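Residue numbers (our numbering): -16 to 322.
Reviewing the structure listed below.
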Ligand code: NAD
Ligand code: DAU
């Protein structure tokens, strides 16, 4: 079994590669990643020399590069994590989101059609469903919830999902889609809420909470997401969408308070700043389908996962300090220039 994992130098993709190499040591895993600002090759250092692993630096929008890789590797499956993933960046500059998240998805699926695969899996997001009101805790996103996006990011991900389903219906491409809630854990890029707050708190810098901090996210430990995708690509039904989430809703302000408490830092560091434009209020996944059909349940409780995550950031300061200082961007050049 050969699997191309796109975006594998990013947060969830790298965790997925570690999971797959551990759980399926007989599989060949190819990571295709453009190494944008969010991709960090040092993350994959521990697997780089494995015989059944290969890293390829390429853009998923680059048709020639993608087709060449398919010709070389004849993959059985493609799992597409590659994306521009940060809502705030999409508000500043939407265009690259449309290019990577929509065109890139189409190029990958065209390659799948041309060369043949057993499964194309699209890693999507609960943000395609828009948001839920804070005063209706009885409402959850199911797979039937209409697509109703808020940001350029979520609109690009929703567009990609529609294309994936269209390729299934029109060309019979064997696809699946997972729509997951907010992940947290090791290798999370330090401009997203949890790692940013950990890094700032450790440096005694202000903790910038958008608006009143009442927005709710449904947090899932990244390893649980990886296990869900593993189940879907092997046992999920072709043409289907699976929501992934763990009924772990928390207001942003509470997340920040937990981090302060765990690190022994004063809540005086919390600073309320101008809200995100179009800020979604609440995300909440109903994971009944993946539980009933595939037996998936999240294994990591938030109280344990957040402790583990904070410990990881304390033990791996070099990783995120290099990112914050910008040094990691020189890593590829340094490691691969003469290779
Ligand atoms: P990330 O930003 O940490 O990583 C994205 C990776 O994709 C990086 O390694 C980057 O270099 C690569 N990439 C970007 N553009 C590329 C291109 N044109 N060609 C090849 N590689 C490219 O993102 P993440 O948080 O790991 O998210 C991964 C996927 O999961 C995304 O599709 C995202 O929409 C989805 N998702 C994320 C979350 C979350 O909480 N982070 C939740 C649900 C779904
Ligand atoms: O729900 C899944 C989505 O989760 C994924 O599709 C996205 O790729 C991923 O980035 C994430 O999006 P969010 O916008 O929810 O994540 P972010 O970490 O940027 O923000 C989480 C919440 O915290 C959100 O309500 C905005 C708020 N926030 C964020 C930052 C970075 C702050 O209050 N302050 C901050 O500095």
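Note that the Cβ used here is the ideal one computed from N, Cα and C, for glycine as well.
Please read all numbers here as calculations on a predicted model, not as lab measurements.
With the cut-off set at 9 Å, would you say residue i and residue j are in Cβ contact?
i: residue 68; j: residue 134; result: no
i: residue 267; j: residue 176; result: no
i: residue 279; j: residue 205; result: no
i: residue -5; j: residue 4; result: no
i: residue 169; j: residue 292; result: yes
i: residue 89; j: residue 146; result: yes
i: residue 265; j: residue 117; result: yes
i: residue 218; j: residue 285; result: no
i: residue 137; j: residue 113; result: yes
i: residue 225; j: residue 203; result: no
i: residue 194; j: residue 132; result: no
i: residue -11; j: residue 64; result: yes
i: residue 86; j: residue 44; result: yes
i: residue 213; j: residue 2; result: yes
If residue i sits next to residue j, beta carbons under 8 Å apart, how far is it from one beta carbon to the other, in whole angstroms?
i: residue 341; j: residue 207; result: Within the shown structure, residues of the chain are numbered from -16 to 322, placing residue 341 beyond reach of any answer.
i: residue 16; j: residue 40; result: 7 Å
i: residue 107; j: residue 162; result: 5 Å
i: residue -1; j: residue 62; result: 7 Å
i: residue 159; j: residue 269; result: Contact flag wrong, Cβ pair sits at about 18 Å.
i: residue -3; j: residue 26; result: 5 Å
i: residue 196; j: residue 236; result: 3 Å
i: residue 92; j: residue 148; result: So it is not a contact: roughly 11 Å between Cβ atoms.
What is the DSSP secondary structure of residue i, reduced to helix, strand or coil?
i: residue 186; result: coil
i: residue 134; result: coil
i: residue 201; result: strand
i: residue 233; result: strand
i: residue 68; result: coil
i: residue 125; result: coil
i: residue 172; result: coil
i: residue 280; result: coil
i: residue 178; result: helix
i: residue 40; result: strand
i: residue 144; result: helix
i: residue 60; result: strand
i: residue 249; result: coil
i: residue 29; result: helix
i: residue 161; result: strand
i: residue 103; result: strand
i: residue 166; result: strand
i: residue 98; result: helix
Rank the options by C-alpha distance to the C-alpha of residue i and give the top, closest one.
i: residue 272; options: 223, 248 and 96; result: 223
i: residue 70; options: 284, 165 and 183; result: 165
i: residue 79; options: 42, 156 and 285; result: 42
i: residue -8; options: 35, 7, -15 and 66; result: 66
i: residue 303; options: 131, 199 and 185; result: 185
i: residue 191; options: 199, 180 and 46; result: 180
i: residue 200; options: 295, 171, 238 and 211; result: 238
i: residue 295; options: 198, 251, 103 and 182; result: 182
i: residue 324; options: 94, 83 and 6; result: This structure cannot settle anything about residue 324, because the visible part of the chain is limited to -16 through 322.
i: residue 81; options: 130, 144, 119 and 128; result: 144
i: residue 56; options: 10, 260 and 297; result: 10
i: residue 309; options: -16, 21, 109 and 8; result: 21
i: residue -16; options: 299, 221, 234 and 101; result: 101
i: residue 128; options: 288, 33 and 115; result: 115
i: residue 210; options: 111, 306, 277 and 287; result: 277
i: residue 97; options: 259, 54 and 14; result: 54
Evaluate residue i with the Cβ neighbour count: other Cβ atoms within 10 Å of its Cβ, from every protein chain shown; 16 or more gives buried, anything less gives exposed.
i: residue 75; result: exposed
i: residue 255; result: exposed
i: residue 99; result: exposed
i: residue 6; result: exposed
i: residue 119; result: exposed
i: residue 31; result: exposed
i: residue 152; result: exposed
i: residue 198; result: buried
i: residue 189; result: exposed
i: residue 323; result: Residue coverage of the chain in this structure runs from -16 to 322, which leaves residue 323 outside it and unanswerable.
i: residue 275; result: exposed
i: residue 154; result: exposed
i: residue 110; result: buried
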